[in-house]
Amino acid sequence: MMNRIDQKFKTQDKILSIYFSAGFPNIDDTRIIIKELESAGVDMIEIGLPFSDPLADGPTIQESSNIAIKNGMSSQKLFNQLKNIRNETSIPLVIMGYFNPILQFGIENFCKKCKDVGIDGLIIPDLPVNVYNNRYKSIFQKYELYNMFLITPQTSEERIRYIDDISKGFIYMVSDASITGAKNKINLNQKKYFNRISKMKLKTPTIIGFGISNSKTYNTAISHSNGAIIGSAFIKFIEKNGTKKIKEFVEKFR
Amino acid sequence: MMNRIDQKFKTQDKILSIYFSAGFPNIDDTRIIIKELESAGVDMIEIGLPFSDPLADGPTIQESSNIAIKNGMSSQKLFNQLKNIRNETSIPLVIMGYFNPILQFGIENFCKKCKDVGIDGLIIPDLPVNVYNNRYKSIFQKYELYNMFLITPQTSEERIRYIDDISKGFIYMVSDASITGAKNKINLNQKKYFNRISKMKLKTPTIIGFGISNSKTYNTAISHSNGAIIGSAFIKFIEKNGTKKIKEFVEKFR
Amino acid sequence: MKYNVDNKGYYGDFGGAYIPEMLYPNISELEKNYKKISSEPKFINEFNYLLKQYVGRPTPLYYAKRLSKKYKTKIYLKREDLCHTGAHKINNTIGQILLAEKLGKKRIIAETGAGQHGVATATVCALKGLKCIIYMGEIDIIRQSPNVARMKMLGAEVRPAKSGSKTLKDATNEAIRDWINNPTDTHYIIGSVVGPHPYPDMVARFQSVISKEIKKQLKIKEGTPFPDYLIACVGGGSNAAGTFYEYLDETKVKIIAVEAAGKGIETGKSAATSALGKEGIIHGSRTLLMQTEDGQITEPYSISAGLDYPGVGPMHANLFRTKRAEFISISDDEAMTAGLELSQLEGIIPAIETGHAFAIFQQKKFKPNDILVINLSGRGDKDLDTYIDYFKL
Amino acid sequence: MKYNVDNKGYYGDFGGAYIPEMLYPNISELEKNYKKISSEPKFINEFNYLLKQYVGRPTPLYYAKRLSKKYKTKIYLKREDLCHTGAHKINNTIGQILLAEKLGKKRIIAETGAGQHGVATATVCALKGLKCIIYMGEIDIIRQSPNVARMKMLGAEVRPAKSGSKTLKDATNEAIRDWINNPTDTHYIIGSVVGPHPYPDMVARFQSVISKEIKKQLKIKEGTPFPDYLIACVGGGSNAAGTFYEYLDETKVKIIAVEAAGKGIETGKSAATSALGKEGIIHGSRTLLMQTEDGQITEPYSISAGLDYPGVGPMHANLFRTKRAEFISISDDEAMTAGLELSQLEGIIPAIETGHAFAIFQQKKFKPNDILVINLSGRGDKDLDTYIDYFKL
Ligand SMILES: Cc1ncc(COP(=O)(O)O)c(C=O)c1O
Ligand SMILES: Cc1ncc(COP(=O)(O)O)c(C=O)c1O
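Protein chains in written order, with our numbering: chain A, 1 to 254; chain B, 255 to 508; chain C, 509 to 901; chain D, 902 to 1294.
Right, dumping it as C-alpha cells:
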C-alpha cells in the first residue's frame, strides 16, 4: 500500500495541513479534532505530541502543550485514543513531537505503535538528519513510517540537496528564521527564499510551515510550494471557540 | 598668688569636684550652675567645653555636648559668660575640653583668655603629656595655668612617676579602663588599683573620676584619694531636674 | 583520552547534538571552527592574556588550615571565587567571546541560573562592546537579584523566562529560541558543559585551565600533581569539568561530583540528576536528566539557582555511568551549613552552589594523609539574602 | 624618604598621636613593636604567603584598552578589586591580624564606612579564629547592607554607631571608646592611614604592596617603573597611600588624589577635605579636617560611604600642603557616571569610592603618551542598590 502522504501529494496539487496539540483543550478532543478537520476538507493533519520543553515552539504551542500534559496526555494515551482511527478516516496523519518522550517510550515501540494505529509519518524537530540516518532509519523503515525533515532559510543548498535525496513524504520548509507562532505577513526575504527553493526543483514535495495564519499568508505559501501547515493560528482558534466551529476556521483557507 | 587648686588641696583633705557641660541644658546656665554648685558646698568645678567628637566620653556627656553645641556654645561664648565670674566666686575652676577646639581658638589666645577670666587649670584628655611638654608647656606657664594629666589602671608605674613629677594641681585618676559614664559600683580590681596608687605616695594630689555616681562610689573613691569628680551623674540630674535643685544633688555626697 | 569526548561529540553513550534543523548552521559553524580557532596562537595568546590580566589568573590553590584541622585531612581550595566577577564562569565566557569575535558575531545571548554566567557574559560583552541579552528564570531573578543589578550595570538586557519552573532550564529554552530567531548575527554563550556538541567540549576546554593550574600548583606544594580526591559541585558541570579535565584518565585520582539534593532526593524537591535521572535528551544533548515516565522533563528544585537544573553535562553522565566519578547528593540544609562553616573557619563566603561541595564532610570521612582539592567555584556575594534569611542572622 | 613619616610619627606638620592617656599603653605597645615585628622574617613570610595564597596577589596591572581609546591616553588599572573580599582593605587587615596575633590579642575591633574594611577585618578574624566586633554608622549600615550581611556570615558582630552623622567618623569614635574600655585583650584594626601614629605609617606600609607591584609590573609592560600619573581616591587615604608609597620621592611621577565633593564643595554637603578642611586633630592625628570655626568637626557628606569622612590621613595632608600631590574634588554625579562608564567600557563595576578616581577624565585631559595608573581600589558589589536607584536601571 502506498503511504497516504505520497498518495495525497500525487492526487492533489496544494495541500492544507493543520497542526494541533493532542490533549488540548481537553484530553479527549483528539479524535473529534481529527474528524472535524477531515470533514472540513483539510488534506493532512499533524498531531502534536506535547513536550514540557518544546525548544522550537513559540508561546501558543508551548502553552497548549503544558495544558495537554496537565490534562494527562502522553505517548501511550495518544496511541490509545488513535486505536481505531483508521476505521474512521483515511487522511494522512503525522505525529509531530520532540525526541525525548519518544526515546522514553522506546523508539521501536513507538514506531510499532504508530504503524498499528495507522500513523503515516513523524516530524521530530530535535532528531537531526545524521542521527536519524545512522541510528534510527532502519527502525522507521521496518514500520513503514516516513520521517520528515525541516529546512530553513539558513540551510545550505548542499544540505537541502542531501535532505531532498533522503527524504520521503515531504520536506517541511520553515518559513523564516523563527520559532512557531502566528504571523500576519510574509516578507520579501521569505519570498526570495521560497523562490530559491522552488527553483531548486526538489524531488520531494515541500510544505511551508511556521507563521502561516491567514488566507493571505497561506496563499503566498502555497503559491511557492506544495502546501502549508497552520499551527498556532489553529490552536488559538480552538482555544477561543472550542472544537465545534472548526469548519469556520478551515473555510477561510479555501 | 597661689593657684586656687593648690590652695584648695592645702586647706582641705577630700575634694568634691563636679563636672558639667557648658551650655547644657540651656546656653546661659553656666554661671547659674557654677554659683549653685559653689553655694551647695562643692570644692572644685570642671567646666566642660563641648566637642562634637568626645572620644573619651560616654553617651551622657556626648549627648549633653551635642545639645550644648546646638545651643551655640563655643570657646568664645564660654569666655564671654565667664567674664566677671571672679567677682562672684573663688572656687577653683578647671576647663575640661578636647584639643581641637582649643587649637582652633589658638592655644596662646585660649590660655590668655583663661587667665583673664580666672580659670585655674585645664584638662585636655587628647593632648598627650609629651606633646604638651614639648610644644605647649611654656605657654601654659606664661599664663599661670595648670594642665592636669590623667592616669589609668593601665598606666605603668614608671609613667605615673614621670607624670607625678611634672604635674601641678592634681592627677586625674581615671577609675577604670573606661569612658565616662555613671556606674553603680566600684569593684575589687578598682580598689586594688586605688591602693596601688595610694601606696606610691605621689607628691601630687589625686582625684578619682569616671563612674562616680552616688555616695557609695564617692566614699570609696575619696577613701583612696584626695577627692572625686562627678560628671555624668550630675548631668543626668540637671537634665531631669534643671538647675534649681542642685543643692539636693550635692547634699547626697556630704 | 578515555573519558573525554570522542570525535563524534560523544562521551560514551552521552552527548551529540540533538538540535532542530534551525540551529544546524550555527552549530555546525561552531563545530567546524572551535578547535581550529581556539588553537591558533593569536587566540591562545589573547585568551591567556585576558585570563591573566583581566580575570586575575592563576587563582591560588589555598591550603585551608582550619578546615583541614577540623576534618583531619589535607584540604586545598582552588580559589575560583577570586576570578573577576566572582566565579569560574568567566573562564568560559572569555573563550567564547573571542570565538564569537572571530566568527564575526555582533550580538550575544546567554542563559543564566545563579546569574554568575549572566554577569560573566555581560562582562565580556562590555569588554568587547557587543550587544548582550541574558535570559534568566523569573524565580532566579528574584533570588539572585544582586547579579541582575550587575548585568544591568554592565549594559546587558535581562529577559525573564516565565515558562516551566521559571529557572535555569527555562532560561535555556528561551535562549535557544532566541538563537533560532537570530541565526546569523548572534552567538549563544552557553554557561556550562551542557547543550549540543560542541558546547560541552568547548566549555570544558575553556574551563580546563582550572585543572592545568591545580596540577602545577599541587606539584609545588605537595611534590605531586596528583591529589587523592578532586571534589566539585555539579549544576551543568562546568566547574567540575574544569577541575577534573586534566585528571580524567588518571584513575588514581578519585573524583567526587556533588549534586543538589534540594529538600531530599525522595521529596520530589530535588535536583540530584544522577540519583533521579534517566538517559534522555535535554537542550540538544543526550545525557542523564530528571523526567517523568513519559519523558516530560521534571521541574527541579534546589535552594541554589546554579544547581537548579534537571540535567548534567554528558561528560558527567558518562563519569557517572562508568563509575569513574562518585556522585554525592547534598541537601539544601547541608549546603547552607557548610557555607556558613567555610565563612567562619576560613573567612571565605562561598556561593551556595559551592557550599554543596564543602558539605562533603557531612557525608564522607577522609584519611589524615589524603590530599583533597575542592573547587571553590564562586563567592557568595550573590547569596547573602538567602544566607541571612536562612540563618536568621 | 622626604615625604614619608619621620621618626617622631609626623609627615611635615601632620601626624603624631593625640590620644587620651587611656590609650597610651596600647599605642605605645604598637609603636614599640610594629616595625620590629613586621620586619621579622617569619612575619614577612606569613604576610607574603597570605597575600599570595589567600588574598590572590599580585593583582594584575591591567591595560584598559577601551577606556584608553576613549580618553586618548594610556590607562592602566591596578586591580585591587580582585583581592579577596573585593578591595585593597584586606592588605592591611592581613598585616594587622598577624601583628595582633604576635601581641597576644584575643579580641579585634574595627570601624568601617563602606563596610569593606569591616568585611576585611571579619575575614581575617575568621581565618585566625579571633572574636570580632565592627562599628559601623547607622546610615552606612543601610546603604552598604550587603557588607553588613557578609560580616555577619563571617561571624562578626556589627554594632551601629548612632551619634553624629552616623557614618564613618562616628563609627571610629565608637571603636576608640571600645578600645578604651578594653585596653588589654583587644587590638583595634584601623582601616585607613588615619588615627594616631603609628597607624598611618603601619597601614601605609601594609598597603605599600600595591605600589611595589605596580613598579614591577609597569617595568615589564612599559619598560619603565615610572608612570606619568598615579591616581587614587582618598577617603582616609589607604588605597592612595599604597599606590603612592614607593613613588613618594620620585617627583617625576605626578600624583593625583581624588576626594569626594559630594553634592558640590560649596553646598555644605561635601567630604572634600583638602578643599574645605583646616589643620586640626581628628581621631588622634594632627591633619586636615573639615570643621567649624569653633573647631567642631563637621558632618561630611558623600554618596560613597568609604569617602564620607571629614579628615584625611596625615600623609595626604602633607602631600597637599607641600603640593607634592594635586587634589581634585569629584561630585557624586561625576563619580556615579564614571562608575557606569567603567562598567560598560571595561566590564568592571567599581566601588563608588573608586568611581571617584575614574571621574578624573571629566575634569582633566591627558596626553596620548601619558601613562596613567589608576588604583581600582574596590569592586562595586556592595553599591549595586545605590547604582540601580541612581540610574533607575
Ligand atoms: C559559583 C557557581 N558554582 C557552580 C555553578 C554550577 O554550574 P557548573 O556546574 O556549570 O559549574 C554555578 C552556576 O551558576 C555557580 O555560579
Ligand atoms: C573600595 C574602596 N576604595 C576606597 C576607600 C576609601 O578608603 P581609603 O581612602 O582608606 O582607601 C574605601 C573605603 O571603604 C573602599 O572601600
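Even for Gly, the Cβ is constructed at its ideal location relative to N, Cα and C.
Does the beta carbon of residue i fall short of 6 Å from some heavy atom of ligand 1?
{"i": "V666 (chain C)", "result": "no"}
{"i": "Q624 (chain C)", "result": "yes"}
{"i": "A595 (chain C)", "result": "yes"}
{"i": "S275 (chain B)", "result": "no"}
If distances are taken between C-alpha atoms only, which option among the options comes closest to residue i?
{"i": "D418 (chain B)", "options": "B:Y390, B:S429 and B:L404", "result": "B:L404"}
{"i": "F488 (chain B)", "options": "B:P459, B:E505 and B:S479", "result": "B:E505"}
{"i": "A525 (chain C)", "options": "C:G772, C:C741 and C:Y707", "result": "C:Y707"}
{"i": "I229 (chain A)", "options": "A:K35, A:I238 and A:N214", "result": "A:N214"}
{"i": "T795 (chain C)", "options": "C:A867, C:V702 and C:A865", "result": "C:V702"}
{"i": "L16 (chain A)", "options": "A:N84, A:S156, A:T206 and A:G97", "result": "A:T206"}
{"i": "P346 (chain B)", "options": "B:P279, B:S486, B:E411 and B:L399", "result": "B:L399"}
{"i": "K10 (chain A)", "options": "A:F210, A:A22, A:G227 and A:F20", "result": "A:G227"}
{"i": "P50 (chain A)", "options": "A:I5, A:R31 and A:E63", "result": "A:E63"}
{"i": "D648 (chain C)", "options": "C:L853, C:A779, C:K578 and C:D816", "result": "C:D816"}
{"i": "I288 (chain B)", "options": "B:R508, B:K391 and B:I500", "result": "B:I500"}
Please name the residue or residues paired with residue i in a DSSP beta bridge.
{"i": "M327 (chain B)", "result": "Beta-bridge pairing links M327 (chain B) to no other residue."}
{"i": "E767 (chain C)", "result": "C:S837"}
{"i": "F915 (chain D)", "result": "D:Y912"}
{"i": "V428 (chain B)", "result": "B:G463"}
{"i": "C633 (chain C)", "result": "Answer by DSSP bridge pairing: none, since C633 (chain C) is not bridged."}
{"i": "G788 (chain C)", "result": "C:T795"}
{"i": "G645 (chain C)", "result": "C:A669"}
{"i": "G772 (chain C)", "result": "C:K777"}
{"i": "T30 (chain A)", "result": "Beta-bridge pairing links T30 (chain A) to no other residue."}
{"i": "A988 (chain D)", "result": "D:G1279"}
{"i": "F149 (chain A)", "result": "A:I171"}
{"i": "M298 (chain B)", "result": "B:S271"}
{"i": "L962 (chain D)", "result": "D:K979"}
{"i": "T620 (chain C)", "result": "C:M644"}
{"i": "P858 (chain C)", "result": "C:R887"}
{"i": "M454 (chain B)", "result": "BP columns for M454 (chain B) are empty, so no partner."}
Helix, strand or coil for residue i per DSSP?
{"i": "K1007 (chain D)", "result": "coil"}
{"i": "S275 (chain B)", "result": "strand"}
{"i": "Y935 (chain D)", "result": "helix"}
{"i": "S782 (chain C)", "result": "helix"}
{"i": "E807 (chain C)", "result": "coil"}
{"i": "E1058 (chain D)", "result": "strand"}
{"i": "P1084 (chain D)", "result": "coil"}
{"i": "Y397 (chain B)", "result": "coil"}
I'd like to confirm something about residue i: is its beta-carbon nearer than 6 Å to some heavy atom of ligand 2, or not?
{"i": "A1252 (chain D)", "result": "yes"}
{"i": "A1173 (chain D)", "result": "no"}
{"i": "N1140 (chain D)", "result": "yes"}
{"i": "V1020 (chain D)", "result": "no"}
{"i": "F1212 (chain D)", "result": "Reading the sequence as shown, one finds Gly at residue 1212 (chain D) and not Phe. G1212 (chain D): no, Cβ never under 6 Å from ligand 2."}
{"i": "S1093 (chain D)", "result": "yes"}
Assuming residue i contacts residue j (C-beta within less than 8 Å), just tell me the rounded distance between them.
{"i": "E46 (chain A)", "j": "V94 (chain A)", "result": "5 Å"}
{"i": "T994 (chain D)", "j": "K979 (chain D)", "result": "That pair is no contact at about 19 Å."}
{"i": "I991 (chain D)", "j": "C984 (chain D)", "result": "5 Å"}
{"i": "H705 (chain C)", "j": "G523 (chain C)", "result": "6 Å"}
May I ask whether a heavy atom of ligand 3 can be found less than 6 Å away from the beta carbon of residue i?
{"i": "V766 (chain C)", "result": "Among the ligands in the structure shown, ligand 3 does not appear; only ligand 1 and ligand 2 can be found there."}
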